[in-house]
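Reading through the structure tokens given below for one structure.
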Amino acid sequence: MKARLTLGSLMLAAALLAAAPAAGLAEQHEEVANPDVKCLKCHTKNLKKKLEDGERMSLRVEVGEFEGSAHSVIGCTGCHRDIGKAKHPSREPIASARAYSQAQNENCRHCHEARFTDYEDSIHASLAHEGDAGAPLCSDCHNAHAVQSMAAYEPVTGEPCKTCHESIYEAYSQSVHGLAVTNGNVIRESHVQAPICADCHQAHSVSAVAASDHLKNTCLECHEGASLAHEQWLPNAGMHLDSISCPACHSPMAERRVDLQLYDRLEQVPMGRGDKHQSVREHVAAIDAEGDGLDPVELWKLVRRASRDGDGADVVLRGRMEVTSGVDAHRIAPRGSAVRSCENCHEGNAKAFQNVTVSISKPDGRKQRVSAESKVLSSPISVDSVGGFYAPGGTRIKLLDGVLALAIFGALAIPVGHIALGKIIRKKEKDQ
Numbered sequence: 009m010k011a012r013l014t015l016g017s018l019m020l021a022a023a024l025l026a027a028a029p030a031a032g033l034a035e036q037h038e039e040v041a042n043p044d045v046k047c048l049k050c051h052t053k054n055l056k057k058k059l060e061d062g063e064r065m066s067l068r069v070e071v072g073e074f075e076g077s078a079h080s081v082i083g084c085t086g087c088h089r090d091i092g093k094a095k096h097p098s099r100e101p102i103a104s105a106r107a108y109s110q111a112q113n114e115n116c117r118h119c120h121e122a123r124f125t126d127y128e129d130s131i132h133a134s135l136a137h138e139g140d141a142g143a144p145l146c147s148d149c150h151n152a153h154a155v156q157s158m159a160a161y162e163p164v165t166g167e168p169c170k171t172c173h174e175s176i177y178e179a180y181s182q183s184v185h186g187l188a189v190t191n192g193n194v195i196r197e198s199h200v201q202a203p204i205c206a207d208c209h210q211a212h213s214v215s216a217v218a219a220s221d222h223l224k225n226t227c228l229e230c231h232e233g234a235s236l237a238h239e240q241w242l243p244n245a246g247m248h249l250d251s252i253s254c255p256a257c258h259s260p261m262a263e264r265r266v267d268l269q270l271y272d273r274l275e276q277v278p279m280g281r282g283d284k285h286q287s288v289r290e291h292v293a294a295i296d297a298e299g300d301g302l303d304p305v306e307l308w309k310l311v312r313r314a315s316r317d318g319d320g321a322d323v324v325l326r327g328r329m330e331v332t333s334g335v336d337a338h339r340i341a342p343r344g345s346a347v348r349s350c351e352n353c354h355e356g357n358a359k360a361f362q363n364v365t366v367s368i369s370k371p372d373g374r375k376q377r378v379s380a381e382s383k384v385l386s387s388p389i390s391v392d393s394v395g396g397f398y399a400p401g402g403t404r405i406k407l408l409d410g411v412l413a414l415a416i417f418g419a420l421a422i423p424v425g426h427i428a429l430g431k432i433i434r435k436k437e438k439d440q
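Here the working numbering = 1-based position in the sequence shown + 8.
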């Protein structure tokens, strides 16, 4: 009997000792729900799981971060719905930490359907589907176990965008926009809110600013009077705003280029890479075998290959001057520093016209570009296709200069010759 009591006492003591850490954890962190205490009993330790790629993934959860998380109210099983006593700990193999995050990404959809739909249509999701290991998933921007409410974010710090776009954020922070956010932006004695990353790019439906007129329209949402202001001093202001990106002038130190985008003349939309259209690189590979950039004849062929009937009638190249890097696109200077000199573009061999690309849009709006020779802008062979971009003085067609000179010469030669011939005839008549 004593032996039985002793054995029973030992078993009871062991059970109490086992429960003590969990009880202590619950007392120490009162906001953690009791069911989660069972999870955290193990997951506060330095547990690691070996993955198929050879890496070891940490299973540790910081209790303090989790109890301060917006998700603490739904508990561990709110996201880890596949976990149960019968199959935990799981021995299912995991290919990699990235593969696990991608699988867990779907759990966010259960509560955040609208945001997840926005994300699915974004550049970030497109990159993730293409296999880009650096493309952000939900847990990359929103820490898996320390998810904060929207009000807790401090956009002025650049987080979480700066994690991947550090050089762009540094350029932004020193721009007129970034300095206005940091130091305050007071115009005409009233505070004007300056844009942060999500204002131009959106938080979840991140789109390509190069797509269509997205960038110009985004700028005009805040700068409502910009169109009218440009009309006060800039000839053909509307045409300039349509064919030149805002940073091309407002980031004065940037390197510029002319991008010729394949445009569907019938549907009035940029041609996209889809079932009906091949990649521009696939077209170019068949045309520019040397890979030294499209010349005027090759560009003429490209337009015809990209068209429906092979005659190029439904395809046009819409030109647009833009900056060459995302960093320069965010280095917006004060208004007084913007480019205002016409000679920057409207003169022979202007620097901006020496860098030319041809592009086609991907489904997510990103452009796929190939290089082209600068003479495609001024060749009579390709000029019909590049009808959507012409800058007097900057894209001069020498053949037309010759034709014009010949026309002027002919126009002068006829009356001068007529007068001269009349004098000769009259002189001969006098001599007779």
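Ideal Cβ positions, reconstructed from N, Cα and C, are used throughout, including at glycine.
For residue i, which residues of its own chain have a beta-carbon under 6 Å away from its beta-carbon, when the five flanking residues on both sides are left out?
| i | result |
| --- | --- |
| histidine 238 | Ala245 |
| glycine 318 | Arg312 |
| alanine 94 | none |
| tyrosine 180 | Gly186, His338 |
| cysteine 169 | Cys205 |
| valine 292 | Val378 |
| tyrosine 127 | Ala133, His212 |
Beta-carbon within less than 7 Å of residue i's beta-carbon, same chain only, minus the 5 sequence neighbours each way: which residues are those?
| i | result |
| --- | --- |
| threonine 125 | none |
| serine 109 | Leu145, Ser147 |
| cysteine 116 | Phe124, Cys146 |
| histidine 500 | This structure gives no information on residue 500, because the portion of the chain shown stretches from 9 to 440. |
| glutamine 210 | none |
| glycine 32 | At glycine 32, the pLDDT of 45 sits below 50, so the modelled position is not reliable; the number obtained from the coordinates is stated separately. Correct list: empty, nothing qualifies. |
| isoleucine 389 | Pro304, Val305, Trp308 |
| leucine 13 | Unreliable placement is indicated for leucine 13, whose pLDDT of 45 sits below 50; the coordinate value is still reported in the next sentence. Result list for leucine 13: empty, nothing under 7 Å. |
My guess is that residue i and residue j are in contact by the Cβ rule of under 8 Å, so how many angstroms apart are they, rounded?
| i | j | result |
| --- | --- | --- |
| glycine 83 | aspartate 44 | 5 Å |
| glutamine 376 | isoleucine 368 | 5 Å |
| aspartate 129 | serine 213 | 6 Å |
| arginine 316 | serine 251 | Not really, about 26 Å apart at Cβ, beyond 8 Å. |
| valine 81 | threonine 52 | Not really, about 20 Å apart at Cβ, beyond 8 Å. |
| leucine 242 | valine 323 | Actually they do not touch by this definition, with Cβ atoms about 30 Å apart. |
Out of the options, which has the shortest C-alpha to C-alpha gap to residue i?
| i | options | result |
| --- | --- | --- |
| glutamine 240 | Val81, Asn191, Arg348, Ser379 | Arg348 |
| alanine 294 | Val277, Ala314, Gln276, Gly280 | Ala314 |
| cysteine 227 | Ala122, His258, His212 | His258 |
| arginine 68 | Leu59, Ile340, Thr171, Lys49 | Lys49 |
| serine 134 | Lys170, His79, Ser215 | Ser215 |
| arginine 106 | Thr85, Cys350, Tyr127, His137 | His137 |
| isoleucine 131 | Leu55, Arg328, Lys383, Val217 | Val217 |
| leucine 325 | Glu232, Leu307, Asn113, Gly373 | Leu307 |
| glycine 373 | Met279, Leu414, Arg316 | Met279 |
| alanine 152 | Cys87, Cys47, Pro255, Gly344 | Cys87 |
| leucine 274 | Met247, Val292, Ala78, Ala321 | Ala321 |
| alanine 103 | Ala78, Met65, Ser77 | Met65 |
| cysteine 350 | Ser175, Glu232, Ala188, His248 | His248 |
Let's test the definition: count the other Cβ atoms within 10 Å of the Cβ of residue i and tell me whether it reaches 16, buried, or not, exposed.
| i | result |
| --- | --- |
| phenylalanine 74 | buried |
| valine 164 | exposed |
| aspartate 61 | exposed |
| histidine 96 | exposed |
| lysine 284 | Any reading at lysine 284 must be qualified, since the residue scores a pLDDT of 49, below 50, and its modelled position is unreliable; the value itself is stated next. With fewer than 16 Cβ atoms within 10 Å of its Cβ, lysine 284 is classed as exposed. |
| lysine 359 | exposed |
| glycine 192 | exposed |
| glutamate 298 | exposed |
| proline 423 | exposed |
| alanine 111 | exposed |
| alanine 202 | buried |
| aspartate 90 | exposed |
| methionine 261 | exposed |
| alanine 415 | exposed |
| leucine 429 | exposed |
| lysine 370 | buried |
| leucine 236 | exposed |
| valine 277 | exposed |
| glycine 166 | buried |
| isoleucine 427 | exposed |
| proline 342 | exposed |
| alanine 256 | buried |
| serine 441 | For the chain, the structure presents residues 9 to 440; residue 441 sits outside this window and is missing. |
Between residue i and the rest of its own chain, which residues show a CB-CB distance below 8 Å, the 5 nearest in sequence each way excluded?
| i | result |
| --- | --- |
| threonine 365 | Arg265, Val266, Asp267, Leu268, Arg377, Val378, Ser379, Ala380 |
| isoleucine 432 | none |
| glutamine 182 | Arg339 |
Flag residue i as yes when its Cβ comes closer than 6 Å to any non-hydrogen atom of the ligand NAP, and as no otherwise.
| i | result |
| --- | --- |
| lysine 431 | Annotation note on the ligand NAP: not contained in the displayed structure, which lists no ligands. |
**OP:** Decide yes or no for the touch test of the region 155-162 against the region 113-125: beta carbon pairs closer than 8 Å, at least 3 of them.
**Re:** no
Subject >> Contact the region 332-343 vs the region 412-431: 3+ CB pairs below 8 Å >> reply: Output reads no: the region 412-431 does not touch the region 332-343.
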